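Novice: Numbering (our numbering), first residue to last: -16 to 186.
1) Measure the C-alpha to C-alpha separation of residue 44 and residue 128 and round it to an integer number of angstroms.
2) If you reduce the DSSP assignment to three classes, tell me which class residue 26 lands in.
3) Relative to the C-alpha of residue 10, which candidate in 52, 37, 29 has its C-alpha closest?
4) Would residue 140 be called buried (16 or more neighbouring beta carbons within 10 Å of its own) or exposed?
5) By a C-beta neighbour count over all protein chains shown, 10 Å radius and 16 as the cutoff for buried, is residue 71 buried or exposed?
6) Report buried or exposed for residue 142, applying the criterion of at least 16 other Cβ atoms within 10 angstroms of its Cβ.
7) Using a threshold of 8 Å, state whether the C-beta atoms of residue 161 and residue 132 are closer than that.
8) Roughly how many angstroms lie between the CA atoms of residue 185 and residue 64, to the nearest whole one?
9) Is DSSP giving residue 158 helix, strand or coil here?
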């Protein structure tokens, strides 16, 4: 069925988008791939450690370092622990690595939300051209809205309170239900994809 393996479709699209966003070319990826396959060690001392990386995340980080002129064996090294990878990096590399780690953390959340959205859409409407990108766009807006609602002060008492959040896909819409613990104040927020409903159903 068309909704099988949507997680892979979403993940693969995210990887392609990150490659474009970070301006990585094949030469950067090839150098990074050699470093990872060879588990190149760094000779320098007093290095920072970035561990528990998936293979594709390690490849992205190493490629970005290569783009900025950092070299394996001198500025960074690669090691493996089970199925995961780690990097040993000079302090100067942290300025490149840390923002990417934050982006990867956000993208993991977007991936989970987008996979749920795409699975429901394809079950209800079938496979539609551009639906992966549309699901990612909606998922990103959901993540931003979820964080905003979580940090929002209670409209009833004005306190900064804990927030219980529940979510659901209803047709093409994504609904976020929030309840503030202090006053049990409940709110519902609906986010919609950019495509018009009639076009969406006609795919």
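In this text, a Cβ means the ideal position worked out from N, Cα and C, and glycines have one as well.
Since this is a predicted model, take the numbers as computed values, not measurements.
Specialist: Taking the geometry as given:
1) 28 Å
2) coil
3) 52
4) exposed
5) Looking at its Cβ environment, which holds 16 or more other Cβ atoms inside 10 Å, residue 71 is buried.
6) Residue 142 should be labelled exposed.
7) yes
8) With a pLDDT of only 43 at residue 185, under 50, the local geometry of the prediction cannot be trusted, and no value is derived from it.
9) strand
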